[in-house]
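Novice:
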Amino acid sequence: MKVTMTVNGTVRSGDVEPRVLLVDFLRTNLALTGTHIGCDTTSCGACTVRMDGDPVKSCTVLAVQAEGREIKTVEGLANGAALAPIQVGFHEEHGLQCGFCTPGMMMVTSALLERNPNPTDDDIRWAISGNICRCTGYMNIVKAVKHAAQMQSEAAKAPAGAAVAGGGE
Amino acid sequence: MFPAAFDYSAPTTLAEALSILKQRGDDAKVMAGGQSLIPLLKLRFAQPALVVDIGRLPGLAEIKRDDGHVRIGAMVRHVDIERSTELAKLVPLMVEAVHWIADPLVRNRGTLVGSVCHADPSGDWGSIMLALNAEMVAQSASGERVIPVDGFFQGPFTTTLRPDEVVIAIRIPVPAGSAGGSYHKLERRVGDFATVAVSVQVELDGRKVKKAGIGLTSVGATNIKAKKAEQALVGHELKDDVIAEAARLAAAAAEPKDDIRGSAAYKKDVVRVFVQRGLKAALAQAQEGKS
Chain A
1 MKVTMTVNGT VRSGDVEPRV LLVDFLRTNL ALTGTHIGCD TTSCGACTVR MDGDPVKSCT
61 VLAVQAEGRE IKTVEGLANG AALAPIQVGF HEEHGLQCGF CTPGMMMVTS ALLERNPNPT
121 DDDIRWAISG NICRCTGYMN IVKAVKHAAQ MQSEAAKAPA GAAVAGGGE
Chain B
1 MFPAAFDYSA PTTLAEALSI LKQRGDDAKV MAGGQSLIPL LKLRFAQPAL VVDIGRLPGL
61 AEIKRDDGHV RIGAMVRHVD IERSTELAKL VPLMVEAVHW IADPLVRNRG TLVGSVCHAD
121 PSGDWGSIML ALNAEMVAQS ASGERVIPVD GFFQGPFTTT LRPDEVVIAI RIPVPAGSAG
181 GSYHKLERRV GDFATVAVSV QVELDGRKVK KAGIGLTSVG ATNIKAKKAE QALVGHELKD
241 DVIAEAARLA AAAAEPKDDI RGSAAYKKDV VRVFVQRGLK AALAQAQEGK S
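From first to last, the protein sequence lines stand for chains A and B.
Using my numbering, you'd call the opening residue of the first sequence number 1 and step up by one each time.
Using my numbering, you'd call the opening residue of the second sequence number 1 and step up by one each time.
(1) Can you give the Cα-Cα distance for G123/B and S218/B, rounded to whole angstroms?
(2) Going straight from the alpha carbon of K280/B to that of P173/B, what length do you get?
(3) With a threshold of 8 Å between beta-carbons, can L40/B be considered close to chain A, or not?
(4) Answer yes or no: the CB of L283/B versus the heavy atoms of the ligand SAM, is any distance below 7 Å?
(5) Does DSSP put Q47/B in a helix, a strand or coil?
(6) Put C117/B into one of helix, strand or coil per three-state DSSP.
(7) Measuring only between beta-carbons, confirm whether M1/B sits less than 8 Å from chain A.
(8) Please list, in chain order, all residues of the same chain as R261/B whose beta carbon is under 6 Å from its beta carbon, the five residues on each side excluded.
(9) List, in chain order, every chain B residue whose beta-carbon is nearer than 7 Å to that of A127/A.
(10) Are the C-beta atoms of V271/B and some chain A residue less than 8 Å apart?
(11) If you compare alpha carbons, which of L14/B, R171/B, D80/B, L132/B is closest to S142/B?
(12) Taking Cβ-Cβ distances shorter than 8 Å, what residues in chain B pair up with E17/A?
(13) Can the beta-carbon of L105/B be found closer than 8 Å to that of V56/A?
(14) In whole angstroms, give me the CA-to-CA distance for L296/B and K185/B.
(15) Between the Cα of T136/A and those of A158/A, M151/A, H94/A, spot the shortest distance and give me the residue it belongs to.
(16) What residues of chain B sit near D40/A, judged by a beta carbon separation below 8 Å?
(17) Taking the CB atoms as reference points, tell me whether S182/B and L204/B lie closer together than 8 Å.
(18) Are V91/B and L132/B closer than 8 Å when you measure CB to CB?
(19) Cβ of I72/B within 8 Å of Cβ of A169/B?
(20) Check whether the stretch 146 to 166 of chain B touches the stretch 231 to 247 of chain B, taking contact to mean three or more Cβ pairs, one atom from each stretch, closer than 8 Å.
(21) In angstroms with no decimal places, state the Cα-to-Cα distance between G166/A and Q152/A.
(22) Can you list, in chain order, the residues of the stretch 47 to 58 of chain A whose Cβ is nearer than 7 Å to any Cβ on chain B?
(23) To the nearest angstrom, how far is the alpha carbon of A155/A from that of M75/B?
(24) Check the DSSP bridge columns for A156/A and list the partner residues they point to.
(25) Compute the Euclidean distance between the alpha carbons of I54/B and K239/B, then round it to the nearest angstrom.
(26) Looking only at C-alpha atoms, which of D164/B, G155/B, A232/B, A247/B sits nearest to S199/B?
(27) Just to confirm the assignment: which complete beta strand (DSSP E) runs, minimum length 3, are found wholly within the stretch 1 to 64 of chain A?
(28) Looking at C-beta atoms only, is the number of pairs between the stretch 81 to 98 of chain A and the stretch 41 to 61 of chain A that lie closer than 8 Å three or more?
(29) For the stretch 76 to 156 of chain B, list the beta strand (DSSP E) runs that are entirely contained and at least 3 residues long, ordered along the chain.
(30) Below 8 Å between beta carbons: does that hold for K42/B and F6/B?
(31) With burial defined as no fewer than 16 other Cβ atoms inside 10 Å of the residue's Cβ, what is the status of E86/B: buried or exposed?
(32) Assign Q87/A to one of two classes, buried (16 or more other C-beta atoms within 10 Å of its C-beta) or exposed (fewer than that).
(33) Can you find the residues in the same chain that come closer than 8 Å, C-beta to C-beta, to D192/B, ignoring five residues on each side of it along the sequence?
(34) Run down chain B in chain order and give the residues with a C-beta less than 8 Å from the C-beta of V142/A.
(35) Grouping DSSP H, G and I as helix and E and B as strand, with all else coil, what is A281/B?
(36) Answer with yes or no whether the minimum CB distance from S291/B to chain A is below 8 Å.
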């Protein structure tokens with residue numbers, strides 16, 4: 001059946017069987033391979049994307065359920081060459097080792113920062129509790145998110161027109 | 001992993017959904033958030049011919065007061081409960097317990113009603129609804145039926161819901177007077193199924209228990225309502241000996257099996273300990289609310 005959704009700001013359509021998962025639609029039909037498939041059993045969070053703003057596990061959403069919805073993937077974070085604050089945070093604080101969990105981690109924590117611009121370590125750990133890093137690099141992931149939060153709050157304080165890295169929106 | 005092929009229907013009116021279920025209910029599965037159903041489809045434990053997605057039906061995402069009850073629609077997600085200031089006042093047990101359900105990402109999609117209809121004996125909401133004496137509001141082409149959650153579960157993943165019915169809401173009696181509740185869960189890691197969990201809700205009349213609800217998770221073929229333990233509380237003050245007796249009766253009502261998460265004997269003892277802790281926490285909350 002035909003399915004149409006907005007992905008990273010662009011309307012995208014495809015013809016899929018109802019059983020096709022959102023993650024496979026993104027990766028196979030749209031060639032957006034930044035969203036990873038890890039456990040495929042709703043456990044690891046590597047496939048996290050944002051659906052109407054909420055981070056969700058795209059291995060546990062049917063593509064047809066996303067009909068008419070707004071999807072954002074890791075490819076939609078940066079604004080051209082300007083990395084989003086969450087990406088800068090992961091870069092600066094070495095928030096990744098193998099990088100497999102990173103897209104999911106960034107999608108879930110970018111949502112956290114919108115709801116809670118100054119999260120505590122506990123808030124961050126709680127937010128990523130559905131995402132597994134098998135390198136166990138959680139310390140640096142928490143630092144990365146704090147770095148991004150700091151960047152965002154400084155950008156908010158900066159005078160209008162100051163050059164700051166743009167967000168993904 | 002792909003599910004086996006199925007037909008998909010996403011009706012936009014309840015009448016349309018009911019008509020589809022009337023015709024094809026026997027081969028159909030109703031899907032709300034899909035957080036339990038999609039994993040089952042992927043593992044091919046479930047292979048329905050038709051999936052009826054109720055996610056596009058209007059009016060099912062509401063939490064509202066309804067004549068001494070709070071009514072929670074079939075598309076209200078766990079995260080909506082987590083963020084509901086009204087539920088935090090009316091039924092604080094639910095808002096406390098929701099943190100134990102799955103993980104934050106699953107809570108963004110999964111629903112309370114879907115979880116109860118899924119009838120997993122390891123499901124958290126089932127025993128919380130048993131403790132709260134909730135009831136399901138089921139709709140079919142032939143009308144509405146109210147089904148108490150006590151009696152709704154027939155076995156693992158099996159309920160008394162008919163193939164032509166869909167649950168559109170859960171009704172929860174709003175605890176009155178000085179009341180308290182708690183949910184204690186033992187899990188190996190965030191998002192895991194419970195090794196054991198216990199839900200407790202009490203309403204006090206003065207110092208004595210007026211109503212008591214105790215629901216058990218992961219210790220039997222369904223979520224279990226520990227009725228003898230509940231009865232042992234009613235009319236009594238929540239003193240240590242009364243609490244200990246109720247805890248013993250609840251442990252006796254549990255029918256756990258040995259598995260990777262622990263032995264049956266261990267799980268029974270966790271039930272006993274959690275009922276004690278739960279009742280003490282509920283009592284403290286009830287007394288705090290009164291002052």
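Even for Gly, the Cβ is constructed at its ideal location relative to N, Cα and C.
None of these values were measured; they are calculated from a predicted model.
Specialist: Answer, in terms of the structure:
(1) Cα to Cα, the separation comes out at about 7 Å.
(2) Approximately 22 Å between the Cα atoms of the pair.
(3) No, no contact with chain A.
(4) Ligands in the displayed structure: none, and consequently the ligand SAM is not present.
(5) Here Q47/B carries a coil assignment [DSSP, helix/strand/coil].
(6) Taken through DSSP and simplified to helix, strand or coil, C117/B comes out as helix.
(7) Judged by the 8 Å Cβ criterion, M1/B is in contact with chain A.
(8) Result list for R261/B: T195, in chain order.
(9) Those are P104, listed as they occur along chain B.
(10) For V271/B, the answer is no, since every Cβ of chain A falls outside 8 Å of its Cβ.
(11) Among L14/B, R171/B, D80/B, L132/B, the Cα nearest to that of S142/B is on L14/B.
(12) Neighbours of E17/A on chain B, chain order: A5.
(13) Cβ distance < 8 Å, so L105/B and V56/A count as in contact.
(14) Missing from the structure shown is residue 296/B; chain B here goes from 1 to 291 and no further.
(15) Ranking the options by Cα distance to T136/A, first place goes to H94/A.
(16) Neighbours of D40/A on chain B, chain order: M1, K42.
(17) Their beta carbons are not under 8 Å apart, which means S182/B does not touch L204/B by this criterion.
(18) Yes, Cβ-Cβ distance for V91/B and L132/B is below 8 Å.
(19) With respect to A169/B, I72/B sits close: the two C-beta atoms are nearer than 8 Å.
(20) The stretch 146 to 166 of chain B, when compared against the stretch 231 to 247 of chain B, does not touch it at the 8 Å Cβ threshold.
(21) Low confidence applies here, because G166/A scores a pLDDT of 48, under 50, leaving its location unreliable; read the following figure in that light. G166/A and Q152/A have their alpha carbons spaced roughly 10 Å apart.
(22) So the close ones are T48, D54, P55, V56, K57.
(23) Going from the Cα of A155/A to the Cα of M75/B covers about 38 Å.
(24) Beta-bridge partners assigned by DSSP to A156/A: none are found.
(25) Taking C-alpha positions only, I54/B is separated from K239/B by approximately 47 Å.
(26) Checked all of D164/B, G155/B, A232/B, A247/B; the closest Cα to S199/B is A247/B.
(27) Entirely contained in the stretch 1 to 64 of chain A, the beta strand (DSSP E) runs reaching 3 residues are, in chain order, 2 to 7, 10 to 15, 48 to 51, 54 to 57.
(28) Segments in contact, no.
(29) Runs found: 135 to 140, 143 to 148, 153 to 155.
(30) For K42/B and F6/B, no; Cβs fall outside 8 Å.
(31) Within 10 angstroms of the beta-carbon of E86/B lie fewer than 16 other beta-carbons, which makes it exposed.
(32) By the 10 Å Cβ count, Q87/A comes out buried.
(33) Cβ neighbours of D192/B within its own chain (closer than 8 Å, five residues either side excluded): none.
(34) In chain order: nothing, as chain B lies at least about 15 Å away.
(35) The three-state reading of DSSP puts A281/B in helix, counting H, G and I together.
(36) Low local confidence applies: a pLDDT of 45 at S291/B is under 50, so the model's placement there is unreliable, and no value is given.
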